[in-house]
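Colleague:
In the numbering used here, the protein residues as written are 111 to 361.
(1) What does a CB cutoff of less than 7 Å around residue 318 pick up in its chain, not counting 5 residues either side in sequence?
(2) Output needed for residue 268: all residues of its chain with C-beta closer than 6 Å, excluding positions within five of it in sequence on either side, in chain order.
(3) Which same chain residues end up closer than 6 Å to residue 162 when comparing Cβ atoms and leaving out the 5 residues on each side of it in sequence?
(4) Considering just the uninterrupted stretch of the beta strand (DSSP E) at residue 257, what are its terminal residues?
(5) In three-state terms, what does DSSP make of residue 220?
(6) Quick check on the burial criterion: 16 or more other C-beta atoms within 10 angstroms. Buried or exposed for residue 135?
(7) I believe residue 185 touches residue 196 by the beta-carbon criterion, under 8 Å. Please report the beta-carbon distance rounded to the nearest angstrom.
(8) Please work out which residues of its chain come closer than 7 Å, Cβ to Cβ, to residue 342, disregarding the five sequence neighbours upstream and downstream, and give them in chain order.
(9) I believe residue 221 touches residue 207 by the beta-carbon criterion, under 8 Å. Please report the beta-carbon distance rounded to the nearest angstrom.
(10) Please report the residue range of the beta strand (DSSP E) in which residue 285 lies.
(11) For residue 310 and residue 327, what's the separation of their Cα atoms in angstroms?
(12) Between which residues of its own chain and residue 346 is the CB-CB distance below 6 Å, once the five residues before and five after are set aside?
(13) If you draw a straight line from the alpha carbon of residue 205 to that of residue 198, how long is it in whole angstroms?
(14) Whole angstroms are fine: how far does the CA of residue 200 sit from the CA of residue 219?
(15) Please classify residue 355: does DSSP put it in a helix, a strand, or coil?
(16) Identify every residue that forms a DSSP beta bridge with residue 209.
(17) Could you round the C-beta distance between residue 273 and residue 291 to whole angstroms and report it? I think they count as a contact, below 8 Å.
(18) The beta strand (DSSP E) with residue 182 in it runs from where to where?
(19) Buried or exposed: where does residue 116 fall if 16 or more other Cβ atoms within 10 Å of its Cβ makes it buried?
(20) By Cβ distance, which residues of its chain are closer than 7 Å to residue 124, with the 5 residues on each side in sequence left out?
(21) Sorted by chain position, which residues of the same chain lie with C-beta nearer than 6 Å to residue 248's C-beta, five sequence neighbours on each side aside?
(22) Since residue 175 and residue 156 should fall inside the 8 Å C-beta cutoff, what is the C-beta to C-beta distance between them, to a whole number of angstroms?
(23) Under 9 Å, do residue 277 and residue 289 count as touching if we go by C-beta distance?
(24) In the DSSP assignment, find the beta strand (DSSP E) that holds residue 345 and state where it starts and stops.
Have a look at this one:
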């Protein structure tokens, strides 16, 4: 069920606050509307562009089918983004943010829970920070660098041009890693796809269990301490390979 509020102005003053607070229906923001401040306490969806010049306070679920633009985003619920070209000014976002559209640019913020589905995602800031990050099999992520303090689960392709670190558990398929530093917990990680270290800078290769491991790019590759096991194939190409103390490769 849904309820549509109409008619309402297309533009509100910057000092105004509009609240959508139904807990029984999904409320529709039907037109291109510019709000001063907007508070959501119930589920809301918008079909067209949604602009909030001040504070967007989301305490429930916002399904943003059109472009979302906010001065400050306070997200204590779930934000589902289906369009490209979204923006807000604050540098960090709490709650859950799902980028679920095709070929989207991720807003330059740090995230608590970040989920990527349905198409390629690009992050142009440096680095992309999240507490947890999930990339589904129909999606991919291209980023300059990635820092995840918790778990990273990816069934798509990660194409990381700079440094890459995961503080929790890494469960990943294909990864292209171009940065100098690549760190995750090898004791808990599961890597099921092809991993290519392709940097033109000297790179540290995380000792871990790989299925297929490839080295490309002009940078030397240094195997970190520990045992690197390769189940299927290893191609070092013309890359210079170095070994740290107490490091080894097993085929």
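Positions of the beta carbon are idealized from the N, C-alpha and C atoms, including for glycine.
Modeller: Reading from the atomic positions:
(1) 296, 299, 301, 338
(2) 251, 285
(3) 145, 148, 180
(4) 256 to 258
(5) strand
(6) exposed
(7) Between residue 196 and residue 185 the Cβ distance is about 12 Å, and since that is not below 8 Å, they are no contact.
(8) 321, 322
(9) 6 Å
(10) 285 to 287
(11) 5 Å
(12) 325
(13) 15 Å
(14) 7 Å
(15) coil
(16) 191, 226
(17) 4 Å
(18) 178 to 185
(19) For residue 116, the pLDDT reaches just 49, beneath the cut-off of 50, and the residue's location in the model is therefore unreliable, although a value from the coordinates is still provided. So residue 116 counts as exposed.
(20) 146, 163, 164
(21) 228
(22) 6 Å
(23) no
(24) 336 to 345
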